[in-house]
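Residue numbers (this note's numbering): 1091 to 1277. All residues carry an ideal CB built from backbone N, CA and C; glycine is no exception. Nothing here was measured: the structure is a model prediction, and the numbers come from that model.
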């Protein structure tokens, strides 16, 4: 369905286990997608450039969101990253300027370079677990000196209090203009 500009909605078969690379790339009229239960990964740029996509339902079975998966979906206003996700690829949500808040589940171990770069509407970021490792490979396969994960983002970032993985050096790696606030109970 790559580049099918007339598709407004689509029902994906329930038997699929992965959203393939570029599956619905640049389907600019697509407004909503429900990813079926049982899907474990969302491929490279699978929904990238779907500029009218405003709603996505991702099942709890998803463990990996690949590079550029939702890149430049500027009308996307909210996204729930399932608790089972362990890695978010480079530029996965880059340019999703309509997203207001994002929660990074505690199982996320890796976040790719520029994963949320250009999410200019983002005001709240909640990290539920240990500080994820930031990968420096970009969506183009090049390597950066810094992750630029939240480049062009001004937001409040919340992290678990008394979690030793959250150091000031780690927080600097996220870039953007982030105000860091600990949450939870002190022990």
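Beta-carbon contacts of residue i that lie in its chain and below 8 Å, excluding the five residues immediately before and after
i, result
"residue 1190", "1167, 1168, 1211, 1212, 1213 and 1214"
"residue 1095", "1116, 1117, 1118 and 1119"
Of the listed residues the options, nearest to residue i (C-alpha basis)
i, options, result
"residue 1181", "1246, 1266, 1159 and 1101", "1159"
"residue 1220", "1257, 1144, 1133 and 1149", "1257"
"residue 1121", "1099, 1138 and 1241", "1099"
"residue 1114", "1091, 1104, 1125 and 1127", "1091"
"residue 1162", "1153, 1144 and 1255", "1144"
"residue 1248", "1103, 1192, 1106 and 1263", "1192"
"residue 1102", "1111, 1110, 1126 and 1185", "1126"
"residue 1196", "1138, 1227, 1153 and 1207", "1153"
Short Cβ contact (8 Å threshold) for residue i with residue j
i, j, result
"residue 1253", "residue 1203", "no"
"residue 1175", "residue 1198", "yes"
"residue 1216", "residue 1194", "yes"
"residue 1132", "residue 1156", "yes"
Own chain residues within Cβ distance below 6 Å of residue i, not counting five before or after
i, result
"residue 1244", "1267"
Reduced DSSP secondary structure (H/G/I, E/B, other) of residue i
i, result
"residue 1123", "strand"
"residue 1171", "coil"
"residue 1176", "coil"
Checklist entry - What alpha helix (DSSP H) runs, 4 residues minimum, are completely inside the stretch 1204-1277? => result 1258-1262
Item to check | Complete beta strand (DSSP E) runs within the stretch 1121-1157 (minimum length 3 residues, chain order) | outcome: 1122-1124 and 1145-1147
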